[in-house]
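**Student:** For the sequence shown, the tail end lands on 371 under full-length UniProt numbering, and the numbers increase by one without skipping.
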Amino acid sequence: MSTAASELMKTPLNAAHRALNAKMVDFGGWDMPVQYPAGIIAEHEAVRTKAGLFDVSHMGEIRVKGPGALALVEHLTPNAVSKLVIGQVHYTAFLYENGTFVDDLLVYREGEQEFLLVVNAGNIDKDFAWVQQHAAGYDCTVVNESPVTGQIALQGPLAVSILQPLTATPLDPIGYYYFTHGEVAGIKCIISRTGYTGEDGFELYCAAGDTEKLWNAVLAAGTPKGLIPAGLGCRNTLRLECKMALYGHEIDDSIHALEAGLGWIVKLDHGDFIGREALVAAKAAPAPRKLVGFKTLEKRDIARDHMPVVQDGKQIGFVTSAAPSPTCGFNLGLAYVPTELAKVGGTIQIEIRGRAVNAEIIPTPFYKRAK
1 MSTAASELMK
11 TPLNAAHRAL
21 NAKMVDFGGW
31 DMPVQYPAGI
41 IAEHEAVRTK
51 AGLFDVSHMG
61 EIRVKGPGAL
71 ALVEHLTPNA
81 VSKLVIGQVH
91 YTAFLYENGT
101 FVDDLLVYRE
111 GEQEFLLVVN
121 AGNIDKDFAW
131 VQQHAAGYDC
141 TVVNESPVTG
151 QIALQGPLAV
161 SILQPLTATP
171 LDPIGYYYFT
181 HGEVAGIKCI
191 ISRTGYTGED
201 GFELYCAAGD
211 TEKLWNAVLA
221 AGTPKGLIPA
231 GLGCRNTLRL
241 ECKMALYGHE
251 IDDSIHALEA
261 GLGWIVKLDH
271 GDFIGREALV
281 AAKAAPAPRK
291 LVGFKTLEKR
301 DIARDHMPVV
311 QDGKQIGFVT
321 SAAPSPTCGF
331 NLGLAYVPTE
341 LAKVGGTIQI
351 EIRGRAVNAE
361 IIPTPFYKRA
371 K
């Protein structure tokens, strides 16, 4: 049952979305735009070929600072935080002792002993409590900056040409998964270059009260070049084509990091992080299931999130995410299946509206931009 719109949390851009006639939905307790009048396909194609502008102010920001900050973040996450240089970002996770996910997140290294942790909107309270719980004994402060922080994401091949005229900060030297501080349209920002679409682009973090001015400035600068506002609908199809995990789908508290295909963020030699023992044991044992990519063989057969994967009438796995792909031109998805069935070129069956439908396992990511 969805929450009444009046009870939903709102980003600083809520009025701006409504002025643009966005279709608003309940997204994890937030009143968010799923699409604008152009529609999901047009927004998806704009990001792939020109540029799209996303409101991601619902994401959470937790700052950890002090002499014990590095040790705490190293303990909380499986990736090697100490190897980050100041101005660098990496993708990682909070894990439970059994190796499953509290959440996935980005770690920004702001200083030798200062980190910004960017977490999922629906998990802000849980994640902040998790960090606070484990901060006891570490000499550092932990602050939830989410309520005072706005964030927009400019994504697409024209991102540099749209953003550069708005800032004196040179954008080309900012590498992939790096960031800097600067002014954009006269507004103090963190300017980072990560992305959740598979395209080039930038995230701009600013004070919540400056978000609408920043949004309007970027939209005005980009509209003549084909930039359009983009909602959560195309954000999902864009990240799915690139096999980027979404919490509650590919990862959650029942899935551990190795079976999710995220072994690359697990550095078993970097110290005693939470979940390490479970992942060492998991690495030594044969994995019972694996995350695979698939496409349905008939155009009319569109799999959806959480549908069962079946064999001889019994459920043997499940779809995590699925949708028609505007870029690839067919219906694709991700699913957990028994490891013995997880071979590229093999066939699985997905239960769609009471029918067992054939799908072919295909390589992932489904899309990768040309460098």
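A virtual CB, placed ideally from N, CA and C, is assigned to each residue, including glycine.
Taking Cβ to Cβ, would you say A71 is nearer than 7 Å to K267?
**Tutor:** Taking the first residue of the sequence shown as 1, we reach residue 71 at position 71. Taking the first residue of the sequence shown as 1, we reach residue 267 at position 267. Cβ distance not < 7 Å, so A71 and K267 don't count as in contact.
**Student:** Could you tell me if T237 is buried or exposed, where buried requires 16 or more neighbouring beta carbons within 10 angstroms of its beta carbon?
**Tutor:** The residue given as residue 237 occupies position 237 in the sequence shown. By the 10 Å Cβ count, T237 comes out buried.
**Student:** With the cut-off set at 7 Å, would you say N120 and Y247 are in Cβ contact?
**Tutor:** As a working note, residue 120 is residue 120 in the sequence shown. As a working note, residue 247 is residue 247 in the sequence shown. Cβ atoms of N120 and Y247: closer than 7 Å.
**Student:** Excluding the five sequence neighbours on either side, which residues of its own chain have a C-beta within less than 8 Å of the C-beta of A69, listed in chain order?
**Tutor:** What you label residue 69 is simply residue 69 of the sequence shown in a count that begins at 1. Excluding positions up to five away in sequence, the list reads Q113, E114, F115, Y138, C140.
**Student:** May I ask which residues mark the beginning and end of the alpha helix (DSSP H) holding Q113?
**Tutor:** Locating residue 113 in the sequence shown gives position 113, where the first residue counts as 1. Unbroken run through Q113: none, as it is neither H nor E.
**Student:** Is it the case that the segment 97 to 108 contacts the segment 212 to 225, given that we only count it when at least three CB pairs across the two stretches are under 8 Å?
**Tutor:** No, because fewer than three Cβ pairs between the segment 212 to 225 and the segment 97 to 108 fall closer than 8 Å, the two stretches do not touch.
**Student:** Within the UniProt domain "Aminomethyltransferase C-terminal" (289 to 368), note down every full alpha helix (DSSP H) run reaching 4 residues or more, in order along the chain.
**Tutor:** Within the UniProt domain "Aminomethyltransferase C-terminal" (289 to 368), no complete alpha helix (DSSP H) run reaches 4 residues.
**Student:** Do you know how far the Cα of Q88 is from the Cα of I191?
**Tutor:** Translated into positions along the sequence shown, residue 191 becomes position 191. Translated into positions along the sequence shown, residue 88 becomes position 88. When rounded, the distance between both Cα atoms is 11 Å.
**Student:** Who are the near neighbours of Y367 in its chain, counting only those whose CB is closer than 8 Å to its CB and skipping five residues on each side?
**Tutor:** Position 367 of the sequence shown, counted from the start, is the residue given in the question as residue 367. Within the same chain, Y367 has close Cβ partners G198, E241, C242, S325, T327, C328.
**Student:** D55: which of A245, E351, Y177, M24 sits nearest, CA to CA?
**Tutor:** For the purposes of this step, residue 55 is identified with residue 55 of the sequence shown, where counting begins at 1. Measuring from the Cα of D55, the nearest candidate turns out to be M24.
**Student:** Are three or more beta carbon pairs between the segment 193 to 208 and the segment 168 to 176 nearer than 8 Å?
**Tutor:** Yes, they touch.
**Student:** Tell me the DSSP secondary structure of N153 in three-state form.
**Tutor:** Locating residue 153 in the sequence shown gives position 153, counting from the first residue. The sequence as given places Ala at residue 153; Asn does not occur at that position. Three-state result, A153: strand.
**Student:** Look at V319 and A303 and say whether their C-beta atoms are less than 7 Å apart.
**Tutor:** Taking the sequence shown and counting its residues from 1, the one referred to as residue 319 is at position 319. Taking the sequence shown and counting its residues from 1, the one referred to as residue 303 is at position 303. In this structure, A303 lies closer than 7 Å to V319 by Cβ.
**Student:** Please go through the same chain and pick out, in chain order, the residues whose beta-carbon is closer than 7 Å to the beta-carbon of L297, but skip the five residues on each side of it.
**Tutor:** Within the sequence shown, the letter at position 297 stands for residue 297. Closer than 7 Å at the Cβ level, and outside the excluded window around L297, lie N358, A359, E360.
**Student:** Which first and last residues belong to the beta strand (DSSP E) in which W30 is found?
**Tutor:** As a position in the sequence shown, residue 30 is number 30, starting the count at 1. W30 -> beta strand (DSSP E) spans 30 to 35.
**Student:** As a quick exercise: from H17, F294, V73, pick the residue whose alpha carbon is nearest that of I274.
**Tutor:** Along the sequence shown, one-based indexing puts residue 274 at 274. When each option's Cα is compared against that of I274, the closest is V73.
**Student:** To the nearest angstrom, how far is the alpha carbon of S321 from that of P308?
**Tutor:** Taking the sequence shown and counting its residues from 1, the one referred to as residue 321 is at position 321. Taking the sequence shown and counting its residues from 1, the one referred to as residue 308 is at position 308. The alpha-carbon atoms of S321 and P308 are separated by roughly 12 Å.
**Student:** In the DSSP assignment, find the unbroken beta strand (DSSP E) run with S192 in it and report its ends.
**Tutor:** Position 192 of the sequence shown holds residue 192. It spans 187 to 192 - the beta strand (DSSP E) in which S192 sits, taken as one unbroken run.
**Student:** DSSP state of G198, grouped into three classes?
**Tutor:** One-based indexing of the sequence shown puts residue 198 at position 198. If DSSP states are grouped into helix, strand and coil, G198 belongs with coil.
**Student:** Measure from the alpha carbon of G150 to the alpha carbon of each residue in D104, L53, E61, then state which is nearest.
**Tutor:** In the sequence shown, the residue the question calls residue 150 occupies position 150. Among D104, L53, E61, the Cα nearest to that of G150 is on E61.
**Student:** For A284, count neighbouring C-beta atoms within 10 Å of its own C-beta (all shown protein chains included) and say buried if the count is 16 or more, exposed if not.
**Tutor:** Residue 284 sits at position 284 when you count from the first residue of the sequence shown. It is exposed - the Cβ of A284 has fewer than 16 other Cβ atoms within 10 Å.
**Student:** Going by C-alpha to C-alpha distance, which of R355, V310, H270 sits closest to R300?
**Tutor:** Here residue 300 is taken as the residue at index 300 of the sequence shown, counted from 1. Among R355, V310, H270, the Cα nearest to that of R300 belongs to R355.
**Student:** Would you mind reading off the limits of the alpha helix (DSSP H) that contains A93?
**Tutor:** The sequence position of residue 93 within the sequence shown is 93, counting from 1. Segment 89 to 95 is the beta strand (DSSP E) holding A93; no alpha helix (DSSP H) there.
**Student:** If you drop the 5 nearest sequence neighbours on each side, which residues of the same chain put their C-beta closer than 6 Å to that of Q315?
**Tutor:** On the sequence shown, position 315 is the one that residue 315 refers to. So the list reads P308, once near-sequence residues are dropped.
**Student:** Only counting runs of 4 or more residues, tell me where the alpha helix (DSSP H) segments fall wholly within the segment 125 to 150, in order along the chain.
**Tutor:** Qualifying alpha helix (DSSP H) stretches: none in this window.
**Student:** Quick check: what's the CA-CA separation for L20 versus M32?
**Tutor:** As a position in the sequence shown, residue 20 is number 20, starting the count at 1. As a position in the sequence shown, residue 32 is number 32, starting the count at 1. L20 and M32: Cα-Cα distance of roughly 13 Å.
**Student:** Using a Cβ-Cβ cutoff of less than 7 Å, which residues in the same chain neighbour G111 once the five nearest sequence positions on both sides are dropped?
**Tutor:** Along the sequence shown, one-based indexing puts residue 111 at 111. Same-chain partners within the cutoff: I86.
**Student:** Report yes if the C-beta distance between F128 and L163 is below 7 Å; otherwise report no.
**Tutor:** Locating residue 128 in the sequence shown gives position 128, counting from the first residue. Locating residue 163 in the sequence shown gives position 163, counting from the first residue. No, these two residues do not count as a Cβ contact at 7 Å.
**Student:** May I have the straight-line CA-CA distance separating P147 from T167, to the nearest angstrom?
**Tutor:** Numbered from 1 along the sequence shown, position 147 holds the residue referred to as residue 147. Numbered from 1 along the sequence shown, position 167 holds the residue referred to as residue 167. Each residue's alpha carbon lies about 25 Å from the other.
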